DNA sequence: TAACATACATACTTGTCGGTATGTTGGGCG
DNA sequence: CGCCCAACATACCGACAAGTATGTATGTTA
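Protein chains in written order, with my numbering: chain U, 242 to 453; chain Y, 242 to 453.
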């Protein structure tokens with residue numbers, strides 16, 4: 242019992258407080274967009290007071306930047322980059338990732354958090370833009386690296402440019418996410434996933450097209 | 242001189258006032274998004290007073306709806322639907338349209354007005370969403386009709402679903418517009434156009450693939 | 001030309017929301 | 001034990017922007 246664990250719920254736990262604020266801010270920003278996101282909403286959702294929030298973050302903008310760098314970037318790593326580390330054929334890995342993307346009505350409605358913030362804030366705030374661009378680049382670069390690996394393995398067509406192809410995939414994912422958001426219809430998103438998967442198949446090297 | 246022309250600049254010209262407000266509102270909304278668009282900015286840009294604006298539009302929302310239905314919908318008709326009316330092979334028409342899309346840094350920065358508004362307002366305001374969805378549907382349906390025409394002419398592959406393919410095209414255009422907006426780089430957009438044009442080529446019916 | 005409705009002008013109100021000034025408490029450490 | 005700073009809490013402020021109340025001018029119509 243002596244020397245209790247770090248994870249025990251303490252009255253004061255700044256790291257935990259900060260993390261809870263980040264998560265609540267992410268949700269609120271995801272729902273309403275950054276500018277319409279209310280500080281008070283975030284506070285209400287966390288039972289944290291304004292003084293505490295402004296102790297951890299200089300301003301609403303600083304909170305937003307932290308959401309991009311710590312929450313949204315982590316989401317991309319979790320959903321896209323980490324699944325790439327395992328073995329298997331690159332095209333199969335990508336197909337699996339795309340098939341596992343969220344399809345709940347709520348997810349459709351709120352669309353991709355990265356895209357939303359980028360759409361809203363890129364032209365308005367250069368600080369936001371740079372951070373968001375970094376996340377996009379990491380995403381694309383991860384896909385490109387995976388495609389290159391496939392090319393050297395001989396399972397991916399050698400006549401395609403990995404960076405360009407990665408950009409194409411990202412553009413399609415985000416494009417369909419947008420359409421689904423306006424249509425508010427999971428079918429639009431599912432049709433999009435189907436098309437993307439079909440396109441991914443066309444990236445296979447001819448010799449490996451028949452393989453599972 | 243008697244019975245002068247309707248188009249002569251009169252001191253009072255409600256239609257012209259309304260139209261100027263719509264155009265200024267469109268520009269302001271395109272720049273800043275709907276919620277950050279300032280009524281006062283619109284007024285300053287038009288030298289119209291608040292009383293006049295609220296005489297023509299019930300609320301900021303009503304002004305926004307009118308922008309969608311009268312300005313943005315018209316933009317889609319002008320850029321996409323009208324060019325489809327001329328003769329020529331559907332794939333060539335589509336390629337031409339895509340190649341003629343704006344590429345100025347300002348256009349990249351501000352991206353597609355339809356997409357911007359849809360991204361921002363779809364989850365927040367059902368009235369907006371419905372109007373924006375109508376524009377998207379008209380756009381997609383126009384493309385689909387053109388593809389069907391191509392299929393019956395024998396210049397477009399018969400194994401593809403026109404609606405699905407139209408959705409794919411729209412998703413790619415909007416997806417690349419998003420990426421270019423974040424990157425703030427015309428090259429991203431130009432690369433996207435190149436990829437889209439390349440993809441469009443793959444829609445030709447085999448017999449007509451060699452034709453100009 | 002007098003009346004009346006449309007078209008516009010000006011000044012004010014009101015609510016929202018990010019931010020801050022200032023106070024209080026917990027807990028590590030000498 | 002008691003100092004002291006980080007970690008919070010509370011109450012308030014000021015700016016801004018949408019909307020409105022109310023007034024004025026224009027032009028059409030009887």
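Beta carbons are placed, not taken as given, at the ideal position from N, Cα and C, and that holds for glycine. Everything numeric in this text was worked out from a predicted model, so none of it was measured.
Inset, instruction - Could you confirm whether any beta carbon from chain U is found closer than 9 angstroms to the beta carbon of residue 340 of chain Y? - result: no
Legend entry - CB of residue 425 of chain U within 9 angstroms of CB of residue 407 of chain U, strictly: no
Legend entry - Interface partners of residue 383 of chain U on chain Y, CB under 8 angstroms: Correct list: empty, because the minimum Cβ distance to chain Y is about 15 angstroms.
Legend entry - At least three beta-carbon pairs within less than 8 angstroms, the stretch 343 to 359 of chain U to the stretch 407 to 420 of chain U: yes
Inset, instruction - Please confirm if residue 314 of chain U has its CB atom under 9 angstroms from at least one CB of chain Y. - result: no
Legend entry - Beta carbon of residue 295 of chain U nearer than 9 angstroms to that of residue 368 of chain U: no
Inset, instruction - Give a yes or no on whether 9 angstroms exceeds the smallest Cβ distance from residue 363 of chain U to chain Y. - result: yes
Inset, instruction - Closer than 9 angstroms by beta-carbon distance: list the chain Y residues that pair up with residue 405 of chain U, in chain order. - result: 432, 435 and 436
Legend entry - residue 412 of chain U classed as buried or exposed, judged by whether at least 16 other C-beta atoms fall within 10 angstroms: buried
Inset, instruction - Count the C-beta pairs between the stretch 314 to 322 of chain U and the stretch 306 to 315 of chain Y that are closer than 8 angstroms, then say yes if the count reaches three, no if not. - result: no
Legend entry - Inter-residue spacing [alpha-carbon to alpha-carbon] between residue 391 of chain U and residue 398 of chain U: 8 angstroms
Inset, instruction - Could you check which residue in U/334, U/259 and U/387 has the C-alpha nearest to that of residue 298 of chain U? - result: U/259
Inset, instruction - Answer with buried or exposed for residue 274 of chain Y, where buried requires no fewer than 16 other C-beta atoms within 10 angstroms of its C-beta. - result: buried
Inset, instruction - Tell me where the alpha helix (DSSP H) around residue 448 of chain U begins and ends. - result: No alpha helix (DSSP H) contains residue 448 of chain U, which DSSP labels as neither H nor E.
Legend entry - Per-residue contacts from residue 325 of chain U into chain Y (C-beta, under 7 angstroms): Neighbours of residue 325 of chain U on chain Y: none; closest Cβ ~20 angstroms, over 7 angstroms.
Legend entry - Under 7 angstroms from the C-beta of residue 374 of chain U: neighbouring residues of chain Y: 423 and 424
Legend entry - Rounded separation between residue 386 of chain U and residue 332 of chain U - CA only: 12 angstroms
Inset, instruction - Using alpha carbons as the reference points, say which of U/281, U/335 and U/326 lies closest to residue 437 of chain U. - result: U/335
Legend entry - Cβ neighbour criterion (16 or more within 10 Å) applied to residue 451 of chain U: Reliability fails at residue 451 of chain U, whose pLDDT of 45 lies under 50, so the model's placement of it is uncertain and the value that follows must be treated cautiously. That one is exposed.
Legend entry - Interface positions of the stretch 264 to 278 of chain U facing chain Y (Cβ-Cβ less than 9 angstroms), listed along the chain: 272, 273, 274, 276 and 277
Inset, instruction - Give the interface partners of residue 306 of chain Y over in chain U, defined as CB-CB distance under 8 angstroms, in chain order. - result: Neighbours of residue 306 of chain Y on chain U: none; closest Cβ ~15 angstroms, over 8 angstroms.
Legend entry - For residue 397 of chain Y, the residue or residues it bridges with in DSSP: Y/445
Inset, instruction - Throw me the rounded Cβ distance for the residue 423 of chain Y and residue 370 of chain U pair, which I believe falls under 8 angstroms. - result: 6 angstroms
Inset, instruction - Whole angstroms is fine: what's the gap from residue 396 of chain Y's alpha carbon to residue 325 of chain U's? - result: 40 angstroms
Legend entry - chain Y contact residues for residue 411 of chain U, given Cβ-Cβ distances below 7 angstroms: 420
Legend entry - Buried or exposed (CB count within 10 angstroms, at least 16 for buried), residue 252 of chain U: exposed
Legend entry - Reduced DSSP secondary structure (H/G/I, E/B, other) of residue 290 of chain Y: coil
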